[in-house]
Amino acid sequence: MTNRQLRIALRNCGSINPERIEEYIAGNGYLSLGKVVTGMEPKQAIQLLIDSGLRGRGGAGFPTGLKWLYAMNSEADQKYVVCNADEGDPGAFMDRSILEGDPHSVLEAMAIAGYCIGADKGYIYIRAEYPLAIRRLKIAISQAKESGLLGENIFSSGFSFDIDLKYGAGAFVCGEETALIHSMEGERGEPSLKPPFPAESGYLGMPTNVNNVETLANIPVIFEKGADWFSKIGTEKSKGTKVFALAGKVNNVGLIEVQMGTTLREVIFDIGGGIREGKKFKAVQTGGPSGGCLTEKHLDTPIDYENLVANGSMMGSGGMIVMDEDDCMVSIARFYLEFSVDESCGKCAPCRIGNKRLHELLDRICQGNGTDADLERLRNLGEVIKDTSLCGLGQSSPNPVLSTLDNFFEEFESHVRDKKCPAGVCRDLLEYFILEDNCVGCTACARACPVGAITGERKELHVVNTAICIKCGACMEKCKFDAVVLI
2 MTNRQLRIAL RNCGSINPER IEEYIAGNGY LSLGKVVTGM EPKQAIQLLI
52 DSGLRGRGGA GFPTGLKWLY AMNSEADQKY VVCNADEGDP GAFMDRSILE
102 GDPHSVLEAM AIAGYCIGAD KGYIYIRAEY PLAIRRLKIA ISQAKESGLL
152 GENIFSSGFS FDIDLKYGAG AFVCGEETAL IHSMEGERGE PSLKPPFPAE
202 SGYLGMPTNV NNVETLANIP VIFEKGADWF SKIGTEKSKG TKVFALAGKV
252 NNVGLIEVQM GTTLREVIFD IGGGIREGKK FKAVQTGGPS GGCLTEKHLD
302 TPIDYENLVA NGSMMGSGGM IVMDEDDCMV SIARFYLEFS VDESCGKCAP
352 CRIGNKRLHE LLDRICQGNG TDADLERLRN LGEVIKDTSL CGLGQSSPNP
402 VLSTLDNFFE EFESHVRDKK CPAGVCRDLL EYFILEDNCV GCTACARACP
452 VGAITGERKE LHVVNTAICI KCGACMEKCK FDAVVLI
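In the numbering used here, the protein residues as written are 2 to 488.
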């Protein structure tokens, strides 16, 4: 899986002991912090970051240097630096792995940010369900303080900076920066309208700079090697690398880090080793529950912020789930939407109510009760939710539905018009049938059926009454002769 990869954010993961600061320092750790606080003005350091072209790795892709500049220009007696470690996408574990494998890179970057924007206090907002990451962060913070790399008068420069942890309860919406800040303040984790942006009024009403873990992990090496070095990696508008959690129906799963501009084909078939069991590739979901499903025609699409959005998906934080011919795209859309329904904070009606109605439509279609009018309702409602929701969760939650409608409309039609699931996944559209050649008349299936839907004499062919069958699967589970099948 190392083929075609370039490790920047993951450069130290697996190669150093994250609980020994000496090993981080031996690899030029904290060199960038020393260079910045002893030899650079804040504006000069921020300009270097702007020149590098680094964009936020949390999903939106906003230029990191500009975000720091806005926070620096905000006048206040107190400012804060916040690391967003609230990683909640299904199948995503990029940020957690960095915190577990290289916590000092995040601490160093936060201190650099604090110097640049004029903050002396930082917080890492991390899910309480990540105990190993929390333990290693505590160790790293303690070691950095003991070494004089956090705390008072760092590098005898007159700059002081300290970091504490804040714990999240696992709400997906708290990955949105304003909801995260409200949670830090002890309030409900709900987003608020912007402006004002956190750079103007954030934690406790003070200017606050929020970056996610992967974004911060890139920063020390950028200051070490220079803006020119980083800006030559990737594409014209998307510089550097991106970490993805490659999962699903692919031979090689796990974390990968590739240059921006690498194609989906290279990721799935070269790095990922192709589809498991030699099956046919069907789709890849990028961007987690907020992203869209891309198909075979998109395989040669270079991965960057603009290309993914143009094709109906998004970069997101970096989840990438591969699907094969056995997956039902209608059911997949319903699965991701169900996650968004569960994780909605409920503050705005389009997300709270609209996504629930959208999920009900998909439920109806998967159960064989959908109509052609429902297909039109899916699209119209999805667009309305995107246009009117308060935050990024609601604005992107219909993406899995809209992208599957665009790319797999024939599957929706089959569910609605033929009452069939081509992939054989939607149980309500399947029927149990007993094969004459395999049935030995043992009666095991009839005895297992809770509603008496199977009839037949001993040692004779049995038959399923589909009109009363509740499709529980008990008959198939009990049959030892592979006589019961779903069609």
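Even glycine gets a Cβ: it sits at the ideal position worked out from N, Cα and C.
- In this structure Leu376 is in contact with Phe413, their Cβ atoms being roughly 6 angstroms apart against a cut-off of 8 angstroms.
- Runs of beta strand (DSSP E) with 3 or more residues, each lying fully within the region 399 to 475, are found at 433 to 435, listed in chain order.
- Annotation for Met185: Tyr124, Tyr126, Lys167 and Tyr204 place their beta carbon closer than 7 angstroms to its own, counting only its chain and skipping 5 residues before and after.
- With distances taken between CA atoms, Pro104 lies nearest to Val214 out of Thr264, Val214, Ala475 and Val426.
- For Val174, the secondary structure class from DSSP, reduced to helix, strand or coil, is helix.
- Taken atom to atom, the span from the alpha-carbon of Leu32 to that of Leu50 is near 16 angstroms.
- Under the three-state reduction of DSSP, Asp163 is assigned to strand.
- Contact between Leu362 and Leu379 holds: their C-beta atoms lie close to 5 angstroms from each other, under 8 angstroms.
- Taking a cut-off of 8 angstroms on C-beta distances, the region 289 to 308 does not touch the region 206 to 223, as fewer than three cross pairs fall below it.
- Taking the Cα of Cys443 as reference, the smallest distance to any Cα among Pro451, Pro423, Ile455 and Lys281 is reached at Ile455.
- In this structure, the CA atom of Ile333 is about 31 angstroms from the CA atom of Glu101.
- Just so you know, the alpha carbons of Gly235 and Glu278 end up roughly 32 angstroms apart.
- Taking the Cα positions, Ala468 is about 34 angstroms away from Asp407.
- For the pair Gly119 and Met73, the CB atoms are nearer than the 8 angstroms cut-off.
- Going by DSSP, Arg137 is part of the alpha helix (DSSP H) stretching over Pro132 to Glu147.
- Taking C-beta atoms as the reference points, Gly62 and Phe173 fail to come closer than 8 angstroms.
- In this structure, Asp429 is the residue among Asp388, Asp429, Asp328 and Gly320 with its C-alpha nearest to the C-alpha of Asn370.
- Per DSSP, Cys84 is one residue of the beta strand (DSSP E) stretching across Tyr81 to Ala86.
- Judged by beta-carbon spacing, Ala447 lies within the 8 angstroms limit of Gly457, meaning their Cβ atoms are closer than that value.
- Between Ala246 and Gly92 a beta carbon distance of about 6 angstroms is seen, short of the 8 angstroms cut, so the two are scored as contacting.
- The continuous beta strand (DSSP E) containing Met321 extends over residues Gly320 to Asp325.
- Of all C-beta pairs linking the region 111 to 118 to the region 155 to 162, three or more are shorter than 8 angstroms, placing the two stretches in contact.
- Ranked by Cα distance from Ser143, the options Asn439, Glu20, Arg128 and Leu133 are led by Glu20.
- Between Val417 and Phe409, the alpha-carbon positions lie close to 13 angstroms from each other.
- For Asn29, same chain residues with a beta-carbon under 7 angstroms away, outside a window of 5 residues either side, are Glu225 in chain order.
- Going by DSSP, Gln396 is part of the alpha helix (DSSP H) stretching over Gly393 to Ser397.
- Its Cα nearest to that of Gly190, the residue Gly347 stands out among Gly319, Phe270, Gly347 and Tyr71.
- Exclusion of the five residues before and after Val486 leaves Phe434 and Leu436 as the residues of its chain whose Cβ lies within less than 7 angstroms of its Cβ.
- DSSP lists Cys84 as the bridge partner or partners of Asn212.
- For Ala334, the enclosing alpha helix (DSSP H) begins and ends at Met330 to Glu344.
- For Ala120, there is no enclosing alpha helix (DSSP H), as DSSP marks it with neither H nor E.
- Of Asp301, Leu309 and Ile272, the smallest CA-CA separation from Gln286 is found for Leu309.
- In the structure shown, Pro199 adopts coil according to DSSP, grouped into three states.
- By alpha-carbon distance to Glu23, the top candidate from Ile140, Ala424 and Tyr116 is Ile140.
- Under the three-state reduction of DSSP output, Asn154 falls in the strand class.
- In the DSSP assignment, Ala374 falls within the unbroken alpha helix (DSSP H) covering Asp373 to Thr389.
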